[in-house]
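Here is the structure we will look at, set down as structure tokens.
Numbering (my numbering), first residue to last: 43 to 314.
Below, the structure is given as structure tokens:
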């Protein structure tokens, strides 16, 4: 737009240079209504295009930032297990950012929930990623939308003796890779539905942030009664989780799920 106006100004200046001073004074005038309409129209088109592009770029950046952080957390969890012989407990999901407990591994913290599910003997825990215990920055547990990334881990995976004897992949967290057509998402998912057992699960609640905890420790309300795939990663009305989490869902099949997740165990890691 600035180039367009400069050209108009330059043309006017060259024309005036060829005219007597008296004629210049008589003929000098502003833009006509037609010219102004053209300028306003072009300006509006440029602005709309810019805003649309900026919005799309921001959405891509938020998702990319989150995936990069989850990748960093995956590597840190595996390094921790290699060094200590087990995975860490979650940190408190509600601890204030300036508190000593922020990002510290502690299965008994008030901000860590114990997961129990009928038919599964081993418990699990869910809270925030213990970035302090992993040797990472506090900001590394915050996703691209400013929410804390959740971390669930099986109970046996947090103990050296149990981790050593529990097998390569056997653990209580059940990762559902996708749902078959016609599955009633309001009901308890079946363990037979293309599932994988995992030692830990990382979870960003995505753009809508349903069920997520903000950086300052405030929990965003979740519509856990909605019949969508996202319900599986949310607590029930009493704030309790079960052992089932959903991962690697096809967007064309369940568009309501915008969660970004990763899972892992002793030998392999899966990401989405």
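Heads up, the beta-carbon is just placed ideally off N, CA and C, and yes, glycines get one too.
Cβ neighbours of residue i in the same chain (closer than 6 angstroms, five flanking residues each side left out)
i	result
residue 238	217
residue 243	194, 215, 287, 305
residue 123	129
residue 148	131
Residue i (DSSP reduced to helix, strand or coil)
i	result
residue 196	strand
residue 126	helix
residue 179	coil
residue 96	With a pLDDT of only 49 at residue 96, under 50, the local geometry of the prediction cannot be trusted, and the value read off the model is given with reservation. Residue 96: helix per DSSP, three-state reduction.
residue 115	helix
residue 83	helix
residue 138	coil
residue 121	helix
residue 154	coil
residue 102	helix
residue 286	strand
residue 108	helix
residue 78	helix
residue 247	coil
residue 306	strand
residue 159	strand
residue 172	coil
residue 273	helix
residue 146	coil
residue 258	coil
residue 165	strand
residue 265	Reliability fails at residue 265, whose pLDDT of 49 lies under 50, so the model's placement of it is uncertain and the value that follows must be treated cautiously. In this structure, residue 265 counts as coil in the three-state DSSP scheme.
Member of the options whose CA lies at the smallest distance from the CA of residue i
i	options	result
residue 106	185, 171, 139	185
residue 139	251, 248, 173, 278	173
residue 262	274, 281, 126	281
residue 254	187, 145, 146, 121	187
residue 289	183, 304, 153	304
residue 134	128, 115, 154, 121	154
residue 143	160, 112, 175, 162	175
residue 302	167, 146, 110, 198	110
residue 299	256, 115, 250	250
residue 102	248, 76, 150	248
residue 181	272, 76, 126, 112	112
Contact check, residue i vs residue j, beta carbons under 8 angstroms
i	j	result
residue 194	residue 136	no
residue 170	residue 130	no
residue 241	residue 306	yes
residue 246	residue 162	no
residue 152	residue 196	no
residue 118	residue 178	yes
residue 159	residue 284	yes
Nonlocal neighbours in the same chain, by C-beta distance under 7 angstroms from residue i, ignoring five residues either side
i	result
residue 286	216, 218, 231, 274
residue 259	136, 137, 138
residue 128	199, 200, 201, 202, 205
residue 183	145, 170, 171, 173, 190, 191
residue 229	Its pLDDT being 43, under 50, residue 229 is placed unreliably in this model, and the value from its coordinates should be taken loosely. Nothing meets the Cβ criterion.
residue 233	Caution is warranted here: a pLDDT of 41 is assigned to residue 233, below 50, making its placement in the model unreliable, and the coordinate value is therefore given only provisionally. Around residue 233: 216.
Beta-carbon proximity list for residue i, same chain, < 8 angstroms, skipping 5 on both sides
i	result
residue 29	Look at the range of the chain in this structure, 43 to 314, and you will see that residue 29 is not part of it.
residue 114	178, 182
residue 164	196, 197, 198, 213, 214
residue 126	202
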